[in-house]
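Undergrad: Numbering (this note's numbering), first residue to last: 3 to 445.
Backbone N, C-alpha and C fix where the C-beta goes; we use that ideal spot for every residue, glycine too.
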Amino acid sequence: MMGRGIVVVGSQFGDEGKGKIVDTLSDNADIVARYQGGGNAGHTIVANGKTFKLHLLPSGVVRGKRSLICAGVVVDPRILCAEIDELSALGIVVGPSVLGIDVRTHVIFPWHQALEAASGSGKKIGTTGKGIGPAYEDAAARTGLRFGELIDSQGLVARLREIAPSKQRLIQGVYASGVDDGGAPEMDVEKIISAYSPLGTLLAPFACDTSHEINSALRGGKRVLFEGAQGTFLDKEFGTYPFVTSSHPIAGGACTGAGVGPTAISEVHGVVKAYTTRVGAGPFPTELADGVGELITQKGREFGTTTGRRRRVGWLDACLLRRSCELNGFTCIHITKLDILGGIGKLKVATSYALPDGAVTDIAPADTELLEKAIPNYEELDGIPDFSGEEWRAAVDGGKGNGFNALPANALAYVRRIEGILGVPAASVSVGPGREEIIRAKD
Ligand code: IMP
Numbered sequence: 003m004m005g006r007g008i009v010v011v012g013s014q015f016g017d018e019g020k021g022k023i024v025d026t027l028s029d030n031a032d033i034v035a036r037y038q039g040g041g042n043a044g045h046t047i048v049a050n051g052k053t054f055k056l057h058l059l060p061s062g063v064v065r066g067k068r069s070l071i072c073a074g075v076v077v078d079p080r081i082l083c084a085e086i087d088e089l090s091a092l093g094i095v096v097g098p099s100v101l102g103i104d105v106r107t108h109v110i111f112p113w114h115q116a117l118e119a120a121s122g123s124g125k126k127i128g129t130t131g132k133g134i135g136p137a138y139e140d141a142a143a144r145t146g147l148r149f150g151e152l153i154d155s156q157g158l159v160a161r162l163r164e165i166a167p168s169k170q171r172l173i174q175g176v177y178a179s180g181v182d183d184g185g186a187p188e189m190d191v192e193k194i195i196s197a198y199s200p201l202g203t204l205l206a207p208f209a210c211d212t213s214h215e216i217n218s219a220l221r222g223g224k225r226v227l228f229e230g231a232q233g234t235f236l237d238k239e240f241g242t243y244p245f246v247t248s249s250h251p252i253a254g255g256a257c258t259g260a261g262v263g264p265t266a267i268s269e270v271h272g273v274v275k276a277y278t279t280r281v282g283a284g285p286f287p288t289e290l291a292d293g294v295g296e297l298i299t300q301k302g303r304e305f306g307t308t309t310g311r312r313r314r315v316g317w318l319d320a321c322l323l324r325r326s327c328e329l330n331g332f333t334c335i336h337i338t339k340l341d342i343l344g345g346i347g348k349l350k351v352a353t354s355y356a357l358p359d360g361a362v363t364d365i366a367p368a369d370t371e372l373l374e375k376a377i378p379n380y381e382e383l384d385g386i387p388d389f390s391g392e393e394w395r396a397a398v399d400g401g402k403g404n405g406f407n408a409l410p411a412n413a414l415a416y417v418r419r420i421e422g423i424l425g426v427p428a429a430s431v432s433v434g435p436g437r438e439e440i441i442r443a444k445d
């Protein structure tokens, strides 16, 4: 019997709460596979009173599930080793029986960060400064260094000595072009060798062929969760280009990133935050610059897990979500942070946009500039009560057996409206940060 492949995707601009949903779903999974992105991601999981902040490790590690970093990811071994150490300090051991890293995964080096800084993309796009874009550039240019080479200590030294001088010239050239006014950093190859060689030795036991492992597991009837990072509108092709990341968070990215065929995917779960947030520059039609925005920012603690930056916030945008449904083919959605909207008064959802030529559309336009100029038309919904944590937990208890009917009436109406607009059923609604604070459609 063929197993099940379940993809979990952020339906908006990232930070929808995917980590928590993957953590919950991973209870029934055999493998959790991260398929794209790198240390730019930030997944927060609250379990047993402890908060885990993950950047590179798949969320499955918190439950000790087999967790794979697939070929579509770009790995900074410094971030990875630090994260393994941090988890170990919290009592979670991430050994080779838990974690596997594909030998084809591209590795991030200090020159990737230096090139990102020099290019000015931090200022223009609001990139995270983790070297993600330049690492994917190297991968596409066929000049990158992969995990299999990082763990081959002798080969690594030779390759680094070969690559470093050309990277130094490149960095000097970019700095000389005046994009960044600081001086070009020195790429001391011996220092890089002495930092990366031991990391390669440390990480060598984790090396594997994750594509084959996943395909074999699926053939053996196992359940595999494919974990996306970032969100749909940060997709390199289909997001709000150029204000995007350099990989493919959309569901199709699971196939190319993890090395499975489309027939391996049985379900696609979209994670939908009950409002919208975005970190970094780019269009955001429903952005709120008023007191309501401030309230959501503070109550929702909308500050980045990776960079600590304040997230931009706005109303839920059904035009973006309709596009997201098309791009991902969601079979169900998980609505997160519904409790944050409690006590705000009337809630708004953008159901169409007015465009500069007078046209009205109900789906986000493909053209980024047009999206920038779109004026949302809102539908108003009744406010949700300002429940305390205890009251929401009572609703969660009531949900056991009653599903969403345990939600206060207006919260249920909000959920039903989202389902109605998208034509996709909600599988769960989150009303607090913890693993337990989730109401399932059916229990
Ligand atoms: P990069 O991925 O560092 O190249 O940044 C590209 C864009 O994606 C920037 O706007 C970042 O703020 C955004 N971004 C990258 N990772 C995340 C994430 O995990 N959540 C939200 N935004 C992200």
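For Asp140, count neighbouring C-beta atoms within 10 Å of its own C-beta (all shown protein chains included) and say buried if the count is 16 or more, exposed if not.
TA: Burial call: buried.
Undergrad: Between which two residues does the alpha helix (DSSP H) harbouring Asp140 extend?
TA: That run of the alpha helix (DSSP H) goes Ile134 to Ala143.
Undergrad: Count the other CB atoms within 10 Å of the CB of Arg303; is the residue buried (16 or more) or exposed (fewer)?
TA: It counts as exposed.
Undergrad: With distances taken from CA atoms, which of Tyr198, Gly259, Thr129 and Ala143 is nearest Leu162?
TA: The candidate whose alpha carbon is nearest that of Leu162 is Tyr198.
Undergrad: Helix, strand or coil, according to DSSP, for Leu70 in the structure here?
TA: Three-state result, Leu70: strand.
Undergrad: Where in the segment 195 to 257 do unbroken runs of the alpha helix (DSSP H), each at least 4 residues long, occur, reported from the N-terminal end onward?
TA: The segment 195 to 257 contains these whole alpha helix (DSSP H) runs: 212 to 221.
Undergrad: For the alpha helix (DSSP H) containing Glu88, name the first residue and the last one.
TA: Where Glu88 is concerned, the enclosing alpha helix (DSSP H) stretches over Pro79 to Ala91.
Undergrad: Looking only at its chain, what residues have a beta carbon closer than 6 Å to the beta carbon of Val96, apart from the 5 residues adjacent to it on each side?
TA: Around Val96: Val63, Ile86 and Leu89.
Undergrad: Between the alpha carbons of Gly345 and Tyr380, how many angstroms are there, rounded?
TA: Rounded to the nearest angstrom, the two C-alpha atoms are 19 Å apart.
Undergrad: Might you give, ordered along the chain, the residues of its own chain that have their beta carbon closer than 7 Å to the beta carbon of Val2, omitting 5 neighbours on each side?
TA: Residue coverage of the chain in this structure runs from 3 to 445, which leaves residue 2 outside it and unanswerable.
Undergrad: By Cβ distance, which residues of its chain are closer than 6 Å to Pro461, with the 5 residues on each side in sequence left out?
TA: Any question about residue 461 goes unanswered here, given that the chain covers just 3 to 445.
Undergrad: Locate the alpha helix (DSSP H) running through Ser168, then write down its first and last residues.
TA: Its alpha helix (DSSP H) spans residues Ser155 to Ala178.
Undergrad: Would you identify the three-state DSSP class for Glu304, choosing helix, strand or coil?
TA: It is coil, neither helix nor strand.
Undergrad: Is Lys132 near the ligand IMP - that is, is its Cβ less than 8 Å away from at least one heavy atom of it?
TA: The answer is yes for Lys132.
Undergrad: Please confirm whether any heavy atom of the ligand IMP lies closer than 8 Å to the CB of Asp140.
TA: No, the Cβ of Asp140 stays beyond 8 Å of every heavy atom of the ligand IMP.
Undergrad: Quick test of the definition: if touching needs 3 or more C-beta pairs under 8 Å, does the segment 240 to 254 touch the segment 104 to 121?
TA: Result no; under three Cβ-Cβ pairs closer than 8 Å.
Undergrad: Tell whether a beta-carbon distance below 9 Å holds between Gly44 and Thr308.
TA: Yes; because the gap between Cβ atoms is below 9 Å, this pair is in contact.
Undergrad: Please determine, among Ile377, Glu393, Ala73 and His336, the residue with the shortest C-alpha to C-alpha distance to Thr26.
TA: With distances taken between Cα atoms, Thr26 lies closest to His336.
Undergrad: Roughly how many whole angstroms lie between the Cα atoms of Ser28 and Gln156?
TA: For Ser28 and Gln156, the distance between alpha carbons rounds to 38 Å.
Undergrad: Would you call the CB atoms of Thr212 and Ala260 closer than 9 Å?
TA: For Thr212 and Ala260, yes; Cβs fall inside 9 Å.
Undergrad: Determine the closest residue to Gly284 out of Gln14, Asp292 and Cys210, with distance taken between C-alpha atoms.
TA: Among Gln14, Asp292 and Cys210, the Cα nearest to that of Gly284 is on Gln14.
Undergrad: With a Cβ-Cβ cutoff of 9 Å, do Ile153 and Ala206 count as a contact?
TA: Yes. Within cutoff.
Undergrad: Determine the contact status of Ile386 and Leu340, defining contact as a CB-CB distance below 9 Å.
TA: Result yes, Cβ atoms of Ile386 and Leu340 sit closer than 9 Å.
Undergrad: Quick check: the Cα distance between Arg314 and Arg280, rounded to an integer number of angstroms?
TA: Distance between the alpha carbons of Arg314 and Arg280: 5 Å.
Undergrad: Check whether the Cβ atoms of Leu82 and Gly102 sit closer than 9 Å, and answer yes or no.
TA: Cβ atoms of Leu82 and Gly102: not closer than 9 Å.
Undergrad: Closest Cβ-Cβ distance between Val48 and chain C: below 9 Å?
TA: Structure shown: chain C not included; a single protein chain is present.
Undergrad: Can you tell me whether Arg65 is helix, strand or coil according to DSSP?
TA: Arg65 falls in the helix class under three-state DSSP.
Undergrad: Are Ile127 and Gly39 touching if we call contact CB-CB under 9 Å?
TA: No, Cβ-Cβ distance for Ile127 and Gly39 is not below 9 Å.
Undergrad: From Thr46 to Ser390, what does the alpha carbon distance come to, in whole angstroms?
TA: Straight-line Cα distance between these residues: approximately 22 Å.
Undergrad: Report the option in Ala209, Asp32 and Ile420 whose CA atom is closest to the CA atom of Arg148.
TA: When only C-alpha atoms are compared, the closest one is Ala209.
Undergrad: Using only the alpha-carbon positions, how far apart do Val273 and Asp104 sit?
TA: Val273 and Asp104: Cα-Cα distance of roughly 26 Å.
Undergrad: Thinking C-alpha only, which one of Ser61, Ile423, Thr353 and Ala84 is nearest Leu204?
TA: Considering only alpha carbons, the answer is Ala84.
Undergrad: Could you give the DSSP three-state label for Asp369: helix, strand or coil?
TA: Looking at Asp369 - three-state DSSP - the assignment turns out to be coil, as it is neither helix nor strand.
Undergrad: What is the rounded straight-line gap between the Cα of Gly21 and the Cα of Ser61?
TA: If you take the alpha carbons of Gly21 and Ser61, they lie about 6 Å apart.
Undergrad: With Lys22 as the anchor, note down where its beta strand (DSSP E) starts and where it stops.
TA: Taken as a continuous stretch (DSSP letters only), Lys22 belongs to no beta strand (DSSP E), being part of the alpha helix (DSSP H) at Lys20 to Leu27.
Undergrad: Grouping DSSP H, G and I as helix and E and B as strand, with all else coil, what is Val362?
TA: In this structure, Val362 counts as strand in the three-state DSSP scheme.
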